[in-house]
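Protein chains in written order, with the working numbering: chain G, 1 to 120; chain L, 121 to 240.
Glycine included, C-beta positions come from ideal geometry on N, C-alpha and C.
Accompanying notes for the structure given below.
2 protein chains.
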Amino acid sequence: MPRIRHERLDCSPGCSVEGTLRYIDGKWKGVVLYHLFEGTLRFNEIRRRIPNCTQRMLTNQLRELEADGLIARKIYPEVPPKVEYSLTPRGRSLGPVITALKEWGDANVTLAPQVPQVAA
Amino acid sequence: MPRIRHERLDCSPGCSVEGTLRYIDGKWKGVVLYHLFEGTLRFNEIRRRIPNCTQRMLTNQLRELEADGLIARKIYPEVPPKVEYSLTPRGRSLGPVITALKEWGDANVTLAPQVPQVAA
DNA sequence: GCACATAGTGTCGAAAAGGATACCGTCATG
DNA sequence: CATGACGGTATCCTTTTCGACACTATGTGC
């Protein structure tokens, strides 16, 4: 379950910003959604696209996205398991958000990040 | 310091999405930025706009936003302290992102949130 | 018989985020 | 003299998040 950023949304007019953030908060949700905009993907297809995400984390993120109604999970009762993930209409409605995030990132996040690099 | 969502950004083509998210991640950053789009604000003006945010958290969020070059902090060496916060050009360039977040939130986040409500 | 692929689950523990609370110095006001 | 506003800090503690790793079941291929 994602961090509950705000229990109530009437705290401030900007709160709907945080309300949206709540849905895409989670270390891998943004990327997952981004990849699902390409089309339906199976579990391990997503996994291969996001190598740094552990299996457990991917499962978590997918479950949360599903619980939030953003993605759909279709299980084929086959012998080697087959599960497909796709965007729901609600998920697809996030298009402008993901696009805006992607564009700002492409323009403003240098590929050599000035991230403090944990400095350990 | 924000959670370091991804140390490297070449992990996946969607990573610039997460790259952007890194900047607005933090429980109150989205709202803070949103309010600063209205114009320059003093510390306690922001504070009053976000009543649920503690003083310590607000300071943290502002410091991180400043460190990320999204907001500017101007100190007036006056006797009752006066500090003004405003968006930098870089911060202002987040406009489309904040707008997209706000619009999706307004349209899709019902004011009576179906947040699991901690269910404790 | 062993490894591999599928799509997961369970448990553990470290680290990070965030909340509560108290405190700082200075000035004005009552 | 006490209180409040200003813009913070410092400290402590709890909650959340995330990563590592092992484990599950079934079927295929070698």
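Residue i - partner residues in DSSP beta bridges
i         : result
Leu207(L) : Ile191(L)
Ile161(L) : A small correction: the amino acid at residue 161(L) is Leu; Ile does not occupy that position in the sequence shown. For Leu161(L), which the question treats as bridged, DSSP gives the partners Tyr205(L).
Tyr196(L) : Lys202(L)
With 16 other Cβ atoms within 10 Å as the buried cut-off, status of residue i
i         : result
Lys202(L) : exposed
Tyr129(G) : Nothing can be reported for residue 129(G): it is not among the residues displayed for chain G, which extend from 1 to 120.
Ser16(G)  : buried
Asp226(L) : exposed
Glu38(G)  : exposed
Arg169(L) : buried
Val238(L) : With a pLDDT of only 35 at Val238(L), under 50, the local geometry of the prediction cannot be trusted, and the value read off the model is given with reservation. By the 10 Å Cβ count, Val238(L) comes out exposed.
Residue i versus residue j - alpha carbon distance
i         : j         : result
Leu141(L) : His155(L) : 18 Å
Glu165(L) : Leu62(G)  : 39 Å
Glu198(L) : Pro51(G)  : 53 Å
Asn60(G)  : Arg42(G)  : 15 Å
Glu103(G) : Gly211(L) : 14 Å
Thr174(L) : Leu87(G)  : 37 Å
Gly69(G)  : Pro80(G)  : 26 Å
Ile98(G)  : Val217(L) : 9 Å
Ala220(L) : Ser93(G)  : 11 Å
Pro89(G)  : Gly215(L) : 25 Å
Glu184(L) : Ile71(G)  : 32 Å
Residues of its chain near residue i, where Cβ-Cβ distance is below 6 Å and the 5 sequence neighbours each way are ignored
i         : result
Ile144(L) : Gly150
Thr101(L) : Examination of residue 101(L) is not possible in this model, given that chain L is present from 121 through 240 alone.
Val32(G)  : Gln61
Contact set for residue i: own chain, Cβ-Cβ below 8 Å, skip 5 residues either direction
i         : result
Arg73(G)  : Leu62, Glu66, Val83, Glu84 and Tyr85
Met177(L) : Lys147 and Trp148
Arg167(L) : Cys173, Gln175 and Leu178
Val229(L) : none
Next on the checklist: So if I threshold CB-CB distances at 7 Å, which residues from the segment 94-114 of chain G count as touching chain L?
Outcome noted: Leu94, Pro96, Val97, Ile98, Ala100, Leu101, Lys102, Trp104, Gly105, Asp106, Asn108, Val109, Leu111 and Pro113
Item to check | Against chain G: residues of the segment 185-218 of chain L by CB proximity under 8 Å | outcome: Those residues of the segment 185-218 of chain L that come within reach of chain G (Cβ to Cβ, closer than 8 Å) are Arg210, Ser213, Leu214, Pro216, Val217 and Ile218.
Checklist entry - In chain order, what residues of the segment 146-177 of chain L put their CB closer than 7 Å to some CB of chain G? => result Lys147, Gly150, Val151, Tyr154, His155, Arg169, Ile170, Pro171 and Asn172
Next on the checklist: Please identify, using Cβ separations under 9 Å, the residues of the segment 134-145 of chain L that lie next to chain G, in order along the chain.
Outcome noted: Within the segment 134-145 of chain L, the qualifying residues are Gly134, Cys135, Ser136, Val137, Glu138, Gly139, Thr140, Leu141, Arg142, Tyr143, Ile144 and Asp145.
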